[in-house]
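See structure below.
Residue numbers (the working numbering): 1 to 274.
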């Protein structure tokens, strides 16, 4: 079988980008488009290893090393988790690729974990990439929605400077508030939780001050005072630089076990399956 270098590079460049995008979606990892493209380029160039014959152990070592390098280049803060997600997504996409090759009767060869599809057309590439993305993205969305439906209350830790504030939170499907300037999601504190925040004597809250406009039933142009936090954590997962808004009353609690002091949006939790 003849192998065309441009097709080999293009196939693995596109598939690499799809794998990285899906890994970010499934694993709840954030990165930028430039890093995704860089990762695709690395995958494209790495594909030429198909021409090199090497011992099995050396091949495994090189593939693991490349996966770590790729993860560090695209997801530098979570490269270990990213490596696992890349292998998981690659395995799933591999199954989809074999299925499509079977249905279309496309010839192909593999060597050193690189796949080369012989009778390839741009239509094949586009349909294969689209099918892989739709299937895996769909499963990811279904699992995330199911997880969100099962979680109503949770514990949240808000980090502001050197201080950490911990409270019980309710996941509110009606909270879509975001900082109008940065676009960051907004966490709403009750009056009692806000008191803990304002009692932080060693934190300069004035430099973090902002306002968040909102609408509610009977309130057309409401304003909430808010502060920009450094981070927030739910079950050990970082939410990033959220905005903490103050609601000057207590939330309605039903029963002793359903007391909460914080409202968080479902959108904050839509980070990933894993």
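Beta carbons are placed, not taken as given, at the ideal position from N, Cα and C, and that holds for glycine.
Values in this document were obtained by computation on a predicted structure and should not be read as measured data.
Inter-residue CB distance, residue i and residue j (contact presumed, cutoff 8 Å)
| i | j | result |
| --- | --- | --- |
| residue 39 | residue 70 | 6 Å |
| residue 12 | residue 47 | 4 Å |
| residue 187 | residue 152 | Contact doesn't hold; Cβ gap of about 16 Å is too wide. |
| residue 230 | residue 159 | 5 Å |
| residue 191 | residue 141 | That belief does not hold up - the Cβ atoms of residue 191 and residue 141 are roughly 36 Å apart, past 8 Å. |
| residue 247 | residue 170 | Going by Cβ atoms, the distance from residue 247 to residue 170 rounds to 12 Å, so no, they are not a contact pair. |
| residue 135 | residue 96 | 6 Å |
Where the alpha helix (DSSP H) through residue i begins and ends
| i | result |
| --- | --- |
| residue 43 | 33 to 46 |
| residue 27 | 5 to 27 |
| residue 64 | 56 to 74 |
| residue 195 | 191 to 198 |
Residue i versus residue j - alpha carbon distance
| i | j | result |
| --- | --- | --- |
| residue 251 | residue 209 | 23 Å |
| residue 93 | residue 138 | 13 Å |
| residue 16 | residue 43 | 6 Å |
| residue 180 | residue 212 | 7 Å |
| residue 185 | residue 88 | 29 Å |
| residue 60 | residue 175 | 47 Å |
| residue 75 | residue 22 | 13 Å |
| residue 197 | residue 84 | 38 Å |
| residue 34 | residue 52 | 29 Å |
| residue 57 | residue 5 | 26 Å |
| residue 50 | residue 77 | 30 Å |
| residue 32 | residue 178 | 20 Å |
| residue 182 | residue 207 | 15 Å |
| residue 24 | residue 30 | 6 Å |
| residue 73 | residue 227 | 33 Å |
Nonlocal neighbours in the same chain, by C-beta distance under 8 Å from residue i, ignoring five residues either side
| i | result |
| --- | --- |
| residue 215 | 221 and 222 |
| residue 18 | 93, 129, 132 and 133 |
| residue 193 | 165, 167, 261 and 262 |
| residue 203 | 160, 161, 162 and 163 |
Span of the beta strand (DSSP E) around residue i
| i | result |
| --- | --- |
| residue 163 | 163 to 172 |
| residue 215 | 209 to 216 |
| residue 245 | 243 to 246 |
| residue 226 | 219 to 228 |
| residue 159 | 153 to 160 |
| residue 50 | Neither: residue 50 is in no beta strand (DSSP E) and is coded neither H nor E. |
| residue 265 | 262 to 265 |
Identified DSSP bridge partners for residue i
| i | result |
| --- | --- |
| residue 185 | 178 |
| residue 238 | 233 |
Spatial neighbours of residue i in its chain, beta-carbon cut-off 6 Å, leaving aside the 5 residues before and after
| i | result |
| --- | --- |
| residue 234 | 154 and 156 |
| residue 268 | 185 and 239 |
Residue i Cβ short of 7 Å to the ligand ADP heavy atom set
| i | result |
| --- | --- |
| residue 44 | For the ligand ADP, the structure offers nothing, since it holds no ligand at all. |
Short CB-CB distance (under 8 Å) between residue i and chain B
| i | result |
| --- | --- |
| residue 22 | You won't find chain B in this structure, because it holds only one protein chain. |
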